[in-house]
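> Before I ask anything, here is the structure I am working with.
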């Protein structure tokens, strides 16, 4: 059975073991400027992305800067 997490309110397969690996798969560079991540309602500083493990049922919010107006 596939295990899932929620990313920005949408279910996704849990395919990465750490927050850093998940962000890398989404094209977010380590320590990217202006990117904020909350895991289960708690902000995770970029310095801790590599050591933050993901578990089934986790809820992530990833906020990235965008240009335009």
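Residue numbers (the numbering used here): 676 to 744. Glycine is no exception: its CB is placed at the ideal position from the N, C-alpha and C atoms. Nothing here was measured: the structure is a model prediction, and the numbers come from that model.
Below 8 Å on the Cβ atoms is my guess for residue 710 versus residue 737; work out the distance and round it to an integer in Å.
The residue labelled residue 710 in the question sits at position 35 within the chain shown. The residue labelled residue 737 in the question sits at position 62 within the chain shown. Contact flag correct, Cβ pair sits at about 7 Å.
> Taking the C-alpha atoms as reference points, what is the distance between residue 687 and residue 717?
Within the chain shown, the letter at position 12 stands for residue 687. Within the chain shown, the letter at position 42 stands for residue 717. One C-alpha to the other measures close to 19 Å.
> My output table needs one value for residue 698: the three-state DSSP class, helix, strand or coil.
Sequence index remark: in the chain shown, residue 698 carries index 23 (1-based). Residue state, collapsed to three classes: helix.
> Would you please state the rounded distance, in angstroms, between the beta carbons of residue 691 and residue 729? I believe it to be under 8 Å.
Translated into positions along the chain shown, residue 691 becomes position 16. Translated into positions along the chain shown, residue 729 becomes position 54. About 6 Å; that satisfies the 8 Å criterion.
> In this structure, what does DSSP give as the bridge partners for residue 727?
Numbered from its first residue, the chain shown carries residue 727 at position 52. According to DSSP, residue 727 bridges with nothing at all.
> Would you please state the rounded distance, in angstroms, between the beta carbons of residue 731 and residue 689? I believe it to be under 8 Å.
Taking the first residue of the chain shown as 1, we reach residue 731 at position 56. Taking the first residue of the chain shown as 1, we reach residue 689 at position 14. Between residue 689 and residue 731 the Cβ distance is about 6 Å, and since that is below 8 Å, they are a contact.
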